[in-house]
Amino acid sequence: LMRVETITPSADGTVAAPTKTIADAETGEVYFADISSNTVAVILPAPRAGMYFKFIMATASDNEDTKDFILATSADSVDFGGAINDGGGLVEVTSATSKITLDSSDGAVTVGDWIEVVSDGTDWYVSGQVLNNSAVTIADAR
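Counting in my numbering, the sequence shown runs from 64 upward without gaps.
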């Protein structure tokens, strides 16, 4: 069985004040994020080859249109790369990206939307599936 954790914040998270900062030893975990009442912000550990995490929007997050899910690297110098499929097609996550947001203001986040990341030791490679168009935003700086 995979290790599973549900993240249910008591206040809105930000990159400066994250809901969860993942520890190195937590690699391989699957996280269910409940954004029904508050924004979840997660900071990844420094990349190490073979590290893997998956983030799934929990049932309570169904059609959430005010709160967000934020995933950020450990530093601006650490990047994401890859693509996330949203309702409008593929969203390219360029190699200069260090923050990904499932942004409910642009398209509601829905139960089962997911992002997964794996590291080669230098960067994070991302893939994901988001039901609604325009719900994914990326940023070059955390």
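Quick reminder that beta carbons are idealized off the backbone N, C-alpha and C, glycines included.
Just so it is clear, the structure is predicted and the values come from calculations on it, not from any experiment.
Cα separation between residue i and residue j?
{"i": "proline 72", "j": "isoleucine 106", "result": "14 angstroms"}
{"i": "alanine 104", "j": "aspartate 166", "result": "12 angstroms"}
{"i": "valine 172", "j": "glycine 76", "result": "16 angstroms"}
{"i": "leucine 153", "j": "alanine 74", "result": "31 angstroms"}
{"i": "aspartate 203", "j": "serine 99", "result": "27 angstroms"}
{"i": "alanine 124", "j": "threonine 185", "result": "A small correction: the amino acid at residue 124 is serine; alanine does not occupy that position in the sequence shown. Taking the straight line joining both Cα atoms gives about 32 angstroms."}
{"i": "alanine 146", "j": "glutamate 92", "result": "21 angstroms"}
{"i": "glycine 150", "j": "arginine 205", "result": "25 angstroms"}
{"i": "isoleucine 163", "j": "valine 189", "result": "10 angstroms"}
{"i": "phenylalanine 95", "j": "isoleucine 85", "result": "14 angstroms"}
{"i": "aspartate 131", "j": "serine 197", "result": "13 angstroms"}
{"i": "threonine 82", "j": "valine 181", "result": "21 angstroms"}
{"i": "isoleucine 58", "j": "isoleucine 119", "result": "Because the chain spans 64 through 205 in this model, residue 58 falls outside it and cannot be assessed."}
{"i": "serine 158", "j": "serine 168", "result": "25 angstroms"}
Between the Cα of residue i and the Cα atoms of the options, which residue gives the shortest distance?
{"i": "proline 211", "options": "Asp183, Val199 and Thr200", "result": "Outside the shown range of the chain, which is 64 to 205, sits residue 211, and nothing can be said about it."}
{"i": "alanine 88", "options": "Gly113, Val78 and Asp142", "result": "Gly113"}
{"i": "alanine 80", "options": "Leu134, Thr157 and Ser124", "result": "Leu134"}
{"i": "isoleucine 201", "options": "Glu179, Val181, Val156 and Asp169", "result": "Val156"}
{"i": "threonine 122", "options": "Thr69, Met65, Ile178 and Leu64", "result": "Thr69"}
{"i": "valine 78", "options": "Arg111, Thr102 and Val67", "result": "Thr102"}
{"i": "glycine 144", "options": "Leu64, Pro110 and Asp97", "result": "Pro110"}
Applying the criterion that 16 or more other CB atoms from any shown protein chain within 10 Å of the CB defines a buried residue, is residue i buried or exposed?
{"i": "aspartate 128", "result": "exposed"}
{"i": "alanine 138", "result": "exposed"}
{"i": "glycine 191", "result": "buried"}
{"i": "valine 193", "result": "buried"}
{"i": "valine 199", "result": "buried"}
{"i": "asparagine 126", "result": "exposed"}
{"i": "serine 140", "result": "exposed"}
{"i": "asparagine 195", "result": "buried"}
{"i": "serine 161", "result": "buried"}
What residues match up with residue i in a beta bridge as DSSP calls it?
{"i": "valine 93", "result": "Val67 and Lys117"}
{"i": "isoleucine 178", "result": "Phe118 and Gly191"}
{"i": "isoleucine 201", "result": "Ile163"}
Counting only runs of 3+ residues fully inside the stretch 112-172, write out the beta strand (DSSP E) ranges in chain order.
115-120, 132-135, 143-149, 152-160 and 162-165
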